[in-house]
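Engineer: Pasting in a structure now, in C-alpha cells, and then I'll have a few things to ask.
Residue numbers (my numbering), protein chains in the order written: chain A, 1 to 127; chain B, 128 to 303.
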C-alpha cells in the first residue's frame with residue numbers, strides 16, 4: 001500500500017497520509033464546488049488503511065477555510081477513521097485553529113460531539 | 128455611476144452567469160480588498176466563508192430564468208458586495224421556480240425563527256443526520272450562512288411570471 005499524498009490548490013487542501021507512522025495531515029483550504037470527487041480517494045484509502053492500521057494513528061486537521069459541501073465529506077473521513085479505533089489501535093484527532101477563529105474551534109467541537117474519536121483542540125497564536 | 132457606487136461603497140457588482148472560474152476570481156478579488164482595508168483576520172475569515180457559501184449556492188442551486196419576450200435568456204444571477212458603517216453586505220439574486228421558492232422560503236423562515244444556539248444545534252444535527260443532496264451540499268449552506276452571520280437573513284421573493292420568482296438575499300457581516 002502506497003502513502004497518500006495530494007498537493008493543495010487554491011480550493012482544495014493538501015493531504016499527506018503516511019501509513020507507517022500513521023500520521024495524516026489535512027491542511028489548507030477546502031472549498032471545492034464538488035467535494036465528493038475530491039475526498040473520494042482519501043476515503044477509499046482509509047478503507048484499506050483501516051484493515052491494517054499503524055500502532056498509533058494521529059490525524060492533524062489544519063484548515064483555514066472549509067465550505068459546507070466539504071464539511072459533510074470531512075465527517076465521512078472521520079467516520080471511516082472510527083473503524084481504526086474499533087480495530088483496537090489508538091487514534092486521536094488534533095484539530096488546529098487560529099486564536100481568534102471561534103468558527104473553526106466550534107466546527108471542531110461539532111465533529112468532536114458527533115464522532116467517537118478523541119479530539120484535541122490546538123490553538124495556534126497569530127504571528 | 129462611479130459616484131453612486133462610491134457613495135454606497137460597492138466593492139463588487141456583477142450580473143450574468145456564475146461559473147467556477149468567476150467564483151474563484153470573485154473570492155480572490157474580495158480577499159485582496161479585505162487585506163487592503165486591513166480588516167481583522169476574524170472578519171476576513173467570516174466574510175470569506177459566507178461569500179463562498181453564497182456564491183456556491185448560486186452555482187449549484189439556481190433555476191434557469193424564463194425566456195424574455197425576445198426569446199433571450201435573462202442574466203441568471205446578480206452579486207453585489209458592499210461595505211457599510213457596521214460591516215459588509217453580500218447581496219445575491221437568482222431565479223427560482225415557484226415550487227422551489229416555497230421550499231426555500233419555509234427553510235429561511237424556520238432559520239430566522241431560531242436563536243443563535245438553535246441554529247448551531249440545527250447545523251450539527253443536519254451535519255450528523257442529514258441526507259446528502261446530489262450536489263453535495265446536504266442543505267447546510269443557508270444554515271451555515273445564518274450561523275456565521277449571526278444576523279437574521281434578509282430575503283425577498285419577487286414574482287417574475289411563468290412560474291418563476293426572483294429570489295434576493297442580503298447577508299450582513301458585522302465588524303466587531
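Every residue, glycine too, gets a C-beta built ideally from N, C-alpha and C. Note that the structure is a prediction, hence the values are computed from the model and not measured.
Can you pull the chain A residues whose beta carbon is under 7 Å from the beta carbon of residue 180 (chain B), in chain order?
Structural biologist: By Cβ distance, chain A contributes 67, 68.
Engineer: Ends of the alpha helix (DSSP H) at residue 27 (chain A)?
Structural biologist: Per DSSP, residue 27 (chain A) belongs to no alpha helix (DSSP H); it is in the beta strand (DSSP E), 23 to 30.
Engineer: Locate the beta strand (DSSP E) running through residue 217 (chain B), then write down its first and last residues.
Structural biologist: Its beta strand (DSSP E) spans residues 214 to 224.
Engineer: Rounded to whole angstroms, what is the Cα-Cα separation between residue 151 (chain B) and residue 88 (chain A)?
Structural biologist: Cα to Cα, residue 151 (chain B) sits roughly 43 Å from residue 88 (chain A).
Engineer: Tell me, please, whether the CB atom of residue 82 (chain A) is closer than 7 Å to any CB atom in chain B?
Structural biologist: For residue 82 (chain A), the answer is no, since every Cβ of chain B falls outside 7 Å of its Cβ.
Engineer: Which of helix, strand or coil does DSSP assign to residue 301 (chain B)?
Structural biologist: If DSSP states are grouped into helix, strand and coil, residue 301 (chain B) belongs with the strands.
Engineer: Reducing DSSP to helix, strand and coil, say where residue 115 (chain A) ends up.
Structural biologist: Three-state DSSP puts residue 115 (chain A) in coil, outside helix and strand.
Engineer: Where residue 68 (chain A) and residue 75 (chain A) are concerned, what is the direct C-alpha to C-alpha distance, given to the nearest angstrom?
Structural biologist: Distance between the alpha carbons of residue 68 (chain A) and residue 75 (chain A) is about 11 Å.
Engineer: Where do the ends of the alpha helix (DSSP H) carrying residue 162 (chain B) lie?
Structural biologist: Where residue 162 (chain B) is concerned, the enclosing alpha helix (DSSP H) stretches over 147 to 163.
Engineer: Report the rounded CA-to-CA distance for residue 8 (chain A) versus residue 28 (chain A), giving the unit in angstroms.
Structural biologist: Taking the straight line joining both Cα atoms gives about 7 Å.
Engineer: For a contact meaning CB atoms closer than 9 Å, what does residue 282 (chain B) contact in chain A?
Structural biologist: Per Cβ cutoff of 9 Å: no residues; residue 282 (chain B) is ~18 Å from chain A at best.
Engineer: Is any beta-carbon of chain B found at less than 7 Å from that of residue 100 (chain A)?
Structural biologist: So yes, residue 100 (chain A) belongs to the interface.
Engineer: Is the stretch 219 to 229 of chain B close to the stretch 291 to 299 of chain B, with three or more CB pairs under 8 Å?
Structural biologist: Verdict: yes, contact present.
Engineer: If you draw a straight line from the alpha carbon of residue 36 (chain A) to that of residue 297 (chain B), how long is it in whole angstroms?
Structural biologist: Rounded to whole angstroms, residue 36 (chain A) to residue 297 (chain B) spans 29 Å at the Cα level.
Engineer: For residue 268 (chain B), which residues from the same chain have a beta carbon less than 6 Å from its beta carbon, with the 5 sequence-adjacent residues on both sides left out?
Structural biologist: So the list reads 180, 184, once near-sequence residues are dropped.
Engineer: What does residue 151 (chain B) touch in chain A if you count any residue whose Cβ is under 9 Å from its own?
Structural biologist: What residue 151 (chain B) touches in chain A: 10, 11.
Engineer: If I measure Cβ to Cβ from residue 49 (chain A) and keep anything under 8 Å in the same chain, skipping five residues before and after, which residues do I get?
Structural biologist: So the list reads 1, 17, 19, 84, once near-sequence residues are dropped.
Engineer: Check the C-beta distance from residue 148 (chain B) over to residue 203 (chain B) and give it rounded, since I have them as a contact under 8 Å.
Structural biologist: No, residue 148 (chain B) and residue 203 (chain B) are not in contact; Cβ-Cβ is about 16 Å, not under 8 Å.
Engineer: Interface residues of chain B around residue 112 (chain A) at Cβ under 9 Å?
Structural biologist: Those within 9 Å of residue 112 (chain A) in chain B number zero; the least Cβ separation is about 11 Å.
Engineer: Run the CB neighbour count on residue 242 (chain B), radius 10 Å, all protein chains shown included, and call it buried at 16 or more, exposed below.
Structural biologist: Classification of residue 242 (chain B): exposed, given that the 10 Å Cβ count is below 16.
Engineer: Using alpha carbons as the reference points, say which of A:106, A:81, A:3 lies closest to residue 123 (chain A).
Structural biologist: Checking every option, the nearest Cα to that of residue 123 (chain A) belongs to A:106.
Engineer: Which partner residues does residue 291 (chain B) have in the DSSP bridge list?
Structural biologist: For residue 291 (chain B), which the question treats as bridged, DSSP gives the partners B:224, B:288.
Engineer: Taking DSSP as the reference, what is the three-state secondary structure of residue 103 (chain B)?
Structural biologist: Here chain B has residues from 128 to 303 only, and residue 103 (chain B) is not among them.
Engineer: Pull up the DSSP beta-bridge partners for residue 98 (chain A), would you.
Structural biologist: Looking at the DSSP assignment, residue 98 (chain A) forms a beta bridge with A:124.
Engineer: Can you tell which of B:136, B:159, B:135, B:141 has its C-alpha closest to the C-alpha of residue 221 (chain B)?
Structural biologist: The shortest C-alpha separation from residue 221 (chain B) is found at B:141.
Engineer: So that I know if they touch, is there some Cβ in chain A lying closer than 7 Å to that of residue 304 (chain B)?
Structural biologist: Because chain B here runs from 128 to 303, residue 304 (chain B) falls outside it and cannot be looked at.
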